[in-house]
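Residue numbers (the working numbering): 1 to 158.
Worksheet: one structure, shown below.
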Amino acid sequence: MRKRQAKKRPLLPDPRFNDQLVTRFVNNLMWDGKKSVAFKVFYDAIDIVDAKKTDEEKTALELWKDALSNVMPHVEVRSRRVGGATFQIPMQIRPDRKISTAMKWLIGFARKRNEKSMAQKLAAEILAAAKEEGAAVKKRVDTHKMAEANKAFSHFRF
Numbered sequence: 001m002r003k004r005q006a007k008k009r010p011l012l013p014d015p016r017f018n019d020q021l022v023t024r025f026v027n028n029l030m031w032d033g034k035k036s037v038a039f040k041v042f043y044d045a046i047d048i049v050d051a052k053k054t055d056e057e058k059t060a061l062e063l064w065k066d067a068l069s070n071v072m073p074h075v076e077v078r079s080r081r082v083g084g085a086t087f088q089i090p091m092q093i094r095p096d097r098k099i100s101t102a103m104k105w106l107i108g109f110a111r112k113r114n115e116k117s118m119a120q121k122l123a124a125e126i127l128a129a130a131k132e133e134g135a136a137v138k139k140r141v142d143t144h145k146m147a148e149a150n151k152a153f154s155h156f157r158f
């Protein structure tokens, strides 16, 4: 390869929970470099989750982490051309890609919901994902089904 792999920049932990994963999530949530707005949306969503949660022994942040792990895919299909035909080949996903895919799906499906504010949308999607329901979890299930259906082509792995 001519170009080197880009260096991973260390993320600063967020001010409220002192967690790097939260900062990574907020960076995905942010639009137009408005980080303070994104933090406000996230913290408001966490407060809403805290108010609405039914499970008393878990904190809102733990619920968010559960939601994230419920959305995380373990396999995905990659397209590969073999002799003029394109095959969907199931492949394992790297751990960092699992997390970022889960974050993107959670945020993306939260944006498509029809609550009033983004904080409410995000809170509703987090609560749904923590209970293993909602659009983001459905996306993970569909991805796994697709990989399962194409298991016959796994010998084309590269």
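A virtual CB, placed ideally from N, CA and C, is assigned to each residue, including glycine.
Note that the structure is predicted; figures quoted are calculated from it, not measured.
{"Asked": "When you compare only the Cα positions, how much space is there between Leu122 and Arg113?", "Found": "9 angstroms"}
{"Asked": "Within a Cβ cutoff of 7 angstroms, which residues of the same chain sit near Val71, ignoring the five residues on either side of it in sequence?", "Found": "Ala102, Trp105, Leu106, Ala129, Ala136, Val137, Arg140"}
{"Asked": "Determine the burial state of Val41: buried for a count of at least 16 other Cβ atoms within 10 Å of its Cβ, exposed for fewer.", "Found": "buried"}
{"Asked": "Tell me the DSSP bridge mates of Arg78?", "Found": "Ile89"}
{"Asked": "Exposed or buried, what is Gly33 when buried is set at 16 or more other beta-carbons lying within 10 Å of its beta-carbon?", "Found": "exposed"}
{"Asked": "Ignore the nearest five residues each way along the sequence and tell me which others in Ser79's own chain have a CB closer than 7 angstroms to its CB.", "Found": "Thr86, Gln88"}
{"Asked": "Take Leu61 and list the residues in its own chain whose beta-carbon comes closer than 6 angstroms to its own, dropping the five residues that flank it on each side.", "Found": "Phe17"}
{"Asked": "Got a sec? Which residues, its chain only, sit under 6 angstroms from Val82 by beta carbon, not counting five neighbours each side?", "Found": "Phe156"}
{"Asked": "So what's Leu127 in DSSP terms, helix, strand or just coil?", "Found": "helix"}
{"Asked": "Which whole-angstrom value describes the C-beta separation of Pro90 and Lys151, a residue pair presumed to lie in contact below a C-beta threshold of 8 angstroms?", "Found": "6 angstroms"}
{"Asked": "Starting from the N-terminal side, write out each stretch of the alpha helix (DSSP H) that is 4 residues or longer and does not extend beyond the segment 92-121.", "Found": "95-112"}
{"Asked": "Please give the ranges of any beta strand (DSSP E) in the segment 9-88, keeping only runs that are unbroken, at least 3 residues long and fully inside the region.", "Found": "75-82"}
{"Asked": "CA-CA distance, Val26 and Ile99?", "Found": "13 angstroms"}
{"Asked": "Note down, in chain order, each residue of its chain lying with its Cβ closer than 7 angstroms to the Cβ of Pro13, except the 5 sequence neighbours on either side.", "Found": "Asp19, Gln20, Thr23"}
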